[in-house]
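K.L.:
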Amino acid sequence: MESARAKLNLGLRVLSQRQDGFHDLIGLFQTVSLADRLYMRPARRLEVTCSDPAVPPGPGNLAYRAAELYLREAGTTPRHVHIEKAIPAAAGLGGGSADAAAVLRGLDRAASRPLGLGALTRMAGQLGSDVPFALQGGTALVEGRGERLLPLRWSTEPVWYVLVCPRVRVDTAWAYSELDRQRRDHPNGLSEPDPYRTFLEHVRGGLVDANRLWSVLHNDFQPLVERAKPIVARASQSLAATDPLAHSMSGSGATVFGIYDDRTAANRAARGLREAGFPVFLCTPCPPSQ
Ligand code: ATP
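The opening residue of the sequence shown carries number 238 in our numbering; numbering runs sequentially from there.
This is the structure we're talking about:
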């Protein structure tokens, strides 16, 4: 069994659009204990199945493309990959990328002649922007399209995260184009003083000061997603009312999360939010995968 952990964006800044159409971004990424489970066994042909009917089986699944790429490069026998989904799909938690990275890790672990981390990292970059981080896991400063990773440590005790996943899908391509449109209308936005990016310059030393991070958390997508999807704004307000250390949104949503310094406070918040009708997950940060 291979675990595929969800990621949280502890802040996310989308920078300018590149020549290749992708946007450069900068943010602090964290893997958490919410995870899909992948089971891989030899089979006559490559097949990917999934417990969640909303997630495509077969070639539409990013895990399929990861397996196809690995099997081609390593020249090993086909597999049947079954994904027991726990991470809500299209929720800003990087579930597809986590599954793809878990396939690469799992197949290489089972190989008689493993290709090694360097080859897996190269394949991860070909599969998608979030796959290199999913392969590495832990805490990292992520830049570029997602391929520039600086592993980080925390200066303080681990915290608890309460994830609230409103039942609404946010199309990532729409979120980027909406952000571009707003920036065309307000071109000075990117050059305004930016405490989150100033903070990120300090973490290049390798250590994250959590208390400082909580005071500057910022996700560029959050205001526009909350305007377009009122349920996300309601989830955010409900989280704020539980008195977390900080709260924010992951990726382009719709998942919003609160941060708590002890289990009791996190449990109390999770219970209240569930009673309000939201799907809620309580989780902890995870160390790197390798
Ligand atoms: P993104 O920002 O890339 O859209 P996300 O983290 O919001 O990612 P994912 O759970 O990765 O969301 O799902 C994004 C899309 O990818 C979904 O529409 C889903 O149908 C498709 N998909 C392909 N493979 C998978 C997979 N293994 N798990 C979840 N979704 C997958």
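The beta-carbon is built from N, C-alpha and C at its ideal position, and this holds for glycine as well.
Are the stretch 500-516 and the stretch 259-274 touching, with three or more C-beta to C-beta distances below 8 angstroms?
P.N.:
no
K.L.:
At a cut-off of 6 angstroms, would you count VAL292 as near the ligand ATP, judging by its Cβ distance to the nearest heavy atom?
P.N.:
yes
K.L.:
State the Cα-Cα distance for the pair PRO296 and TRP397, rounded to the nearest angstrom.
P.N.:
36 angstroms
K.L.:
Under 6 angstroms from any heavy atom of the ligand ATP, does the C-beta of VAL283 make it?
P.N.:
For the sequence presented, residue 283 should be read as Leu rather than Val. For the ligand ATP, not one heavy atom lies less than 6 angstroms from the Cβ of LEU283.
K.L.:
Please give the ranges of any alpha helix (DSSP H) in the stretch 334-381, keeping only runs that are unbroken, at least 4 residues long and fully inside the region.
P.N.:
Segments of the alpha helix (DSSP H) lying fully in the stretch 334-381: 354-364, 368-373.
K.L.:
Is the closest heavy atom of the ligand ATP to the C-beta of GLY442 under 6 angstroms?
P.N.:
no
K.L.:
Classify THR501 as buried or exposed, calling it buried when 16 or more other Cβ atoms lie within 10 Å of its own Cβ.
P.N.:
exposed
K.L.:
Exposed or buried, MET534, counting other C-beta atoms within 10 Å across all chains shown (16 or more means buried)?
P.N.:
Nothing about residue 534 can be read from this structure; the chain reaches only from 238 to 527.
K.L.:
For my contact list, GLY331 and ALA371 are in at a C-beta cut-off of 8 angstroms; report their separation, rounded to the angstrom.
P.N.:
6 angstroms
K.L.:
Helix, strand or coil for GLY297? Go by DSSP, reduced to three states.
P.N.:
DSSP places GLY297 in helix when its eight states are reduced to three.
K.L.:
Exposed or buried, ASN448, counting other C-beta atoms within 10 Å across all chains shown (16 or more means buried)?
P.N.:
By the Cβ-count criterion, ASN448 is exposed, with fewer than 16 other Cβ atoms from all chains shown falling within 10 Å of its own Cβ.
K.L.:
Report the option in THR409, SER349, LEU247 whose CA atom is closest to the CA atom of ALA465.
P.N.:
THR409
K.L.:
Can you tell which of ALA328, LEU400, LEU245, ALA323 has its C-alpha closest to the C-alpha of PHE518?
P.N.:
LEU400
K.L.:
Who are the Cβ neighbours of HIS319 in its own chain at under 6 angstroms, not counting the five residues just before and after it?
P.N.:
TYR276, THR286
K.L.:
Residues in the same chain with beta-carbon distance under 8 angstroms from ASP417, minus the five sequence neighbours each way, listed in chain order, please.
P.N.:
GLN254
K.L.:
What's the C-alpha gap between PRO305 and LEU354?
P.N.:
What sits at residue 305 in the sequence shown is Glu, not Pro. Looking at the two C-alpha atoms, the distance is approximately 18 angstroms.
K.L.:
Pull up the DSSP beta-bridge partners for ASP273, would you.
P.N.:
Answer by DSSP bridge pairing, in chain order: ALA241.
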